[in-house]
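Q:
Rendered as structure tokens:
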């Protein structure tokens, strides 16, 4: 099986004053290449901790994590940053675009961080074309609508040809119509290019469009959910 993500007994403990808080308490699952998966759970369930771990923004306290075949659980900060830039594309609820840069300039940023010089602008342009923004490449974020800004963010996530895209509430700041358009773009990228998508969401309408739901409760997988995300009878 061609796994993009393999996790084995992931645990994460935070020290809060005099107390230890177990955010993840032994989480194990795999995600196939090209799969579309949503992560759900109430506030405090551990889903943000899990997202940060999968996105190489943080390390687990214990357990194993393989991203695209690389063991990342015990990497140092520099190694994590390198893997994160090469293997993970992020799409955030708040877009996180730099206001001083044009759309194409924002999309180029991951390539700059990776030290890419040759063909950098051309790759950024192709990413913007993939999300239908070829006519907005020279616009700055304040000249774009919310939906257009999120498209720029998706293009930025794509430009390094990552092993997966992690989208954290990607439609949260958008109205329902524009949110539907953004989801359609993400799902089209998966269908046409086999892009692995992991979507963190609280919205069951978003989760219904994914192939599988991983639901967390109190830092563990919610076993009342089947693999397809449907509640057991």
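In the working numbering, the protein residues as written are 422 to 654. Even for Gly, the Cβ is constructed at its ideal location relative to N, Cα and C. Computed from a prediction, not measured in an experiment: that's the story for all the values here.
Give the DSSP bridge partners of residue 642, in chain order.
A: By one-based count along the chain shown, residue 642 stands at place 221. In the DSSP output, where bridge partners are listed per residue, residue 642 has 637.
Q: Compare the Cα-Cα distances from residue 573 to each of 603, 535 and 479 and report the closest residue.
A: Indexing the chain shown from 1 puts residue 573 at position 152. The shortest C-alpha separation from residue 573 is found at 603.
Q: Quick check: what's the CA-CA separation for residue 547 versus residue 559?
A: The residue you call residue 547 lines up with position 126 of the chain shown. The residue you call residue 559 lines up with position 138 of the chain shown. Their backbone Cα atoms lie some 14 Å apart in a straight line.
Q: Report yes or no: do three or more beta-carbon pairs, one from the region 598-614 and one from the region 435-450, lie closer than 8 Å?
A: Output reads no: the region 435-450 does not touch the region 598-614.
Q: So, residue 461 versus residue 644, is the Cβ gap smaller than 8 Å?
A: As a first step, residue 461 is located in the chain shown; it is residue number 40 there, counting from the start. As a first step, residue 644 is located in the chain shown; it is residue number 223 there, counting from the start. Result no, Cβ atoms of residue 461 and residue 644 do not sit closer than 8 Å.
Q: If you draw a straight line from the alpha carbon of residue 493 to that of residue 449, how long is it in whole angstroms?
A: Stepping through the chain shown from its first residue, residue 493 is reached at position 72. Stepping through the chain shown from its first residue, residue 449 is reached at position 28. Going by the C-alpha atoms only, they are around 15 Å apart.
Q: Per DSSP, what kind of secondary structure is residue 428 in: helix, strand or coil?
A: Position 7 of the chain shown, counted from the first residue, corresponds to residue 428. Correct three-state label for residue 428: strand.
Q: So the alpha helix (DSSP H) residue 584 belongs to, where does it begin and stop?
A: Taking the chain shown and counting its residues from 1, the one referred to as residue 584 is at position 163. Note, residue 584: premise wrong, no alpha helix (DSSP H); not H, not E.
Q: Taking residue 587 and residue 455 to be in contact with their CB atoms under 8 Å, please state how far apart those CB atoms are, rounded to whole angstroms.
A: Along the chain shown, one-based indexing puts residue 587 at 166. Along the chain shown, one-based indexing puts residue 455 at 34. Between residue 455 and residue 587 the Cβ distance is about 15 Å, and since that is not below 8 Å, they are no contact.
Q: Here's a check: name, in chain order, each residue in its chain whose Cβ is nearer than 6 Å to the Cβ of residue 512, leaving out the five neighbours to either side.
A: Your numbering for residue 512 matches position 91 in the chain shown. If we look at residue 512 and ignore the five residues flanking it on each side, its Cβ neighbours are 574, 575, 578, 588 and 591.
Q: Looking only at its chain, what residues have a beta carbon closer than 6 Å to the beta carbon of residue 583, apart from the 5 residues adjacent to it on each side?
A: On the chain shown, position 162 is the one that residue 583 refers to. Hits under 6 Å: 508, 509 and 510.
Q: Under the three-state reduction of DSSP, which class applies to residue 423: helix, strand or coil?
A: Taking the chain shown and counting its residues from 1, one reaches residue 423 at position 2. If DSSP states are grouped into helix, strand and coil, residue 423 belongs with coil.
Q: Please state the DSSP three-state secondary structure of residue 647.
A: Within the chain shown, residue 647 is the residue found at index 226, counting from 1. Any reading at residue 647 needs caution, since the residue's pLDDT is 48, under 50, leaving its predicted position unreliable; the model's value is listed next. Coil, per DSSP.
Q: In angstroms, rounded to a whole number, what distance separates the CA positions of residue 637 and residue 581?
A: Locating residue 637 in the chain shown gives position 216, where the first residue counts as 1. Locating residue 581 in the chain shown gives position 160, where the first residue counts as 1. The alpha-carbon atoms of residue 637 and residue 581 are separated by roughly 30 Å.
Q: Which class does residue 559 belong to by DSSP, given the choice of helix, strand or coil?
A: In the chain shown, the residue the question calls residue 559 occupies position 138. Coil at residue 559, not helix or strand.
Q: Kindly identify the DSSP beta-bridge partner or partners of residue 433.
A: For the purposes of this step, residue 433 is taken as residue 12 along the chain shown, with counting starting at 1. Note: residue 433 sits in a beta bridge opposite 445.
Q: Within the region 489-552, note down every full alpha helix (DSSP H) run reaching 4 residues or more, in order along the chain.
A: Complete alpha helix (DSSP H) runs here, min 4: 498-508, 524-534 and 541-551.
Q: Check residue 568 in the structure and name its three-state DSSP category.
A: Taking the first residue of the chain shown as position 1, residue 568 is located at position 147. In the structure shown, residue 568 sits in a helix (DSSP, three-state: H, G or I).
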